[in-house]
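Residue numbers (my numbering): 4 to 99.
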């Protein structure tokens, strides 16, 4: 769920231009930190020293959100999530 993130993106886009906003996915950071770091470097036009470390690689179980919370919060965020995806589709910026 993204919450009301789209509200902030719209305001920042109006102030700075969508091309000045790099929208990053935490899922991408977890799944492919190399690509994530490359995207940041491309956006800023420079190198980041070192590599992003992979954390929690010892097989520790991930603490997730409860099914009750998902059922309760999911509908609350559904409209804003859809609004975010539509905004990103119609206001192209740096590639995700």
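A virtual CB, placed ideally from N, CA and C, is assigned to each residue, including glycine.
Predicted model only: the values in this text are computed from it and were never measured.
Boundaries (first-last residue) of the alpha helix (DSSP H) holding residue i
i: residue 11; result: 8 to 19
i: residue 70; result: 70 to 93
i: residue 30; result: 29 to 34
Inter-residue spacing [alpha-carbon to alpha-carbon] between residue i and residue j
i: residue 18; j: residue 12; result: 10 angstroms
i: residue 49; j: residue 92; result: 27 angstroms
i: residue 100; j: residue 47; result: Residue 100 is absent from the model: the chain starts at 4 and stops at 99.
i: residue 51; j: residue 25; result: 16 angstroms
Sequence-distant residues of its chain with Cβ nearer than 7 angstroms to residue i (five each side left out)
i: residue 83; result: 5, 6, 7, 9
Sequence-distant residues of the same chain with beta carbon closer than 6 angstroms to residue i, five excluded per side
i: residue 55; result: 36, 40
8 angstroms CB neighbourhood of residue i in its chain, flanking five on each side removed
i: residue 45; result: 97
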